[in-house]
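All remarks here apply to the structure that follows.
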Amino acid sequence: MLYPFKFKAQLLHKIWGGHTIEKWYDYVPDDYENVGEAWVMSDVQKFPTEVVNGSHAGDTLQDLLEVYMDELVGEKVYDVFGNHFPLLLKFIDAIDDLSIQVHPDDDYALEYENSLGKTEMWYVLPPDEEAAICLGWTQDMNPSLIHSAIQDGTLARYLREYKVHAGDVIYIPAGTIHSTKRNTLVAEIQENSDLTYRLYDYNRVGNDGKMRPLQLDKALQVVNFSSDNSVSPQHITPVPDGAVNLRKTPYFTANLLTPTRVIQRDYAPLDSFVAFMCIKGACQLRALDCENEDGTVSMRCGEAVLVPATLNDIRIEPQGECQLLEIYIEL
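Under the working numbering, the first residue of the sequence shown carries the number 7, and numbering increases by one thereafter.
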């Protein structure tokens, strides 16, 4: 039976991880010193998320796709992606600088990695006062200059650095050099891919006691060397009880919902699933056209719910302050 599916987050220990998102969950492993990422909706084989509500509790997102196919994700989406969910949704909590990195586009990833590429978007959550990100180059670059800067530890000086605040949106097309700085907390919407090519990692040692590997050769094949500054953080002002578009891309559309009362969303015009990430407070979400199964599910900060493409009439009831990211695909 199809109904709104809530998933159990997969928590990932990271050496740069912080101590904020771990407070959202009551099942953090004892041996985790910090939680860097929470994957809240994932079809990635090594970290699949499982349903926690209703008759499909315990099933993975992959299990749902294999049973319901286009009924789950929409006909057009299923025609393009088949039994692979097209998106990965996560939270990132960085108490230290992330590696300086880049992601491949679809063409490169398909040819060399048998994977989708990775275009992504960050929505900044209430951060430390000194939160910042790096995005793009300060000048046109080339492989020789990058190699030299890596060797002398100055690569970060060539990246544009931006102070960021809660409500900022950062769009990161594949091929864009980027990183988060310390004390930065974001919700991330991305293509379903775990491909990251590190160019520089501050000579950090991983959990195995060895230097964390770089993927410089691959990175130099996919990185954009231009200093074009067309992509930069944008601040979004929420609209009470309305939907504010954060970004519309070929890969996903993302909106911000800030319900202060009961609101209703009509998804009949879409031929797509709708995913929700709760980024503040709590709410109840109810599918009014759900049959033969309880269509009501609760959400709180750090949780994600997937509404199948066959359910169109959704009611959202906030429980105090509440904000949601609303995500779907328009093909």
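Using N, Cα and C, we set each Cβ at its ideal position, and we do this for glycine too.
Here Ala274 is exposed. Its C-beta has fewer than 16 other C-beta atoms within 10 Å. Counting only the Cα atoms, Asp295 lies some 46 angstroms from Val229. Look at the beta carbons and you see the segment 248-266 not touching the segment 137-156: under three pairs across the two are nearer than 8 angstroms.
Per the coordinates, the alpha-carbon of Met147 lies some 18 angstroms from the alpha-carbon of Ile178.
Judged by pairs of C-beta atoms under 8 angstroms, the segment 303-321 does not touch the segment 236-250, as fewer than three such pairs exist. Considering only Ile269, Asn89, Asn59, Pro54, the residue with the shortest C-alpha distance to Val73 is Asn89. Separation of the CB atoms of Trp128 and Glu194 is rounded to 6 angstroms, and the pair is thereby assigned contact status at 8 angstroms. In this structure, Tyr203 and Gln107 form a Cβ contact; the two beta carbons are roughly 6 angstroms apart against a cut-off of 8 angstroms.
Annotated as distal: Cys284 and Pro265, with beta-carbon spacing of 8 angstroms or more. Rounded to the nearest whole angstrom, the C-alpha separation of Pro314 and Phe282 is 11 angstroms.
A direct Cα-Cα distance of roughly 44 angstroms separates Asn213 from Ile320. Excluding residues up to 5 positions away in sequence, Met7, Glu299 lie with their Cβ nearer than 7 angstroms to the Cβ of Ser61 in the same chain. Boundaries cannot be given for Phe53, as no alpha helix (DSSP H) includes it and DSSP labels it neither H nor E.
Ala15 and Leu70 have their alpha carbons spaced roughly 16 angstroms apart.
Straight through space, the alpha carbons of Arg163 and Gln221 are spaced by roughly 20 angstroms. According to DSSP, Cys289 shares a beta bridge with Met305, Pro324.
By the neighbour-count criterion, in which 16 or more other beta carbons inside 10 Å mark a residue as buried, Asp103 falls on the buried side.
Under the three-state reduction of DSSP, His153 is assigned to helix. Residue environment analysis places Ala293 among the buried positions, since at least 16 neighbouring C-beta atoms fall within 10 angstroms of its C-beta. Apart from the 5 residues on each side of it in sequence, Asn251 sits with its Cβ closer than 6 angstroms to the Cβ of Asn261 in its chain, given in chain order. If only uninterrupted alpha helix (DSSP H) runs of at least 4 residues are considered, those enclosed by the segment 210-245 are 222-228. The C-alpha of Glu323 is placed about 7 angstroms away from the C-alpha of Ile269. For Phe11, the pairing in a beta bridge is given by DSSP as Leu312. Between Ala249 and the set Thr255, Arg271, Phe231, Gly215, the nearest pair of CA atoms involves Arg271.
Per DSSP, Val86 lies in no beta strand (DSSP E) segment; the continuous alpha helix (DSSP H) that holds it begins and ends at 81-87. Sequence-distant partners of Ala115 (beyond 5 residues in either direction) whose C-beta falls short of 7 angstroms from its own C-beta, in its chain, are Ser121, Leu122, Gly123, Ser199, Leu201.
Between Glu126 and Gln196, the gap from beta carbon to beta carbon is short of 8 angstroms. Counting only residues of its own chain and dropping the five nearest sequence neighbours on each side, Ala172 has a CB closer than 8 angstroms to the CB of Val130, Leu131, Pro132, Pro133.
Distances from the alpha-carbon of Phe279 to those of Gln329, Leu205, Phe87 put Phe87 closest.
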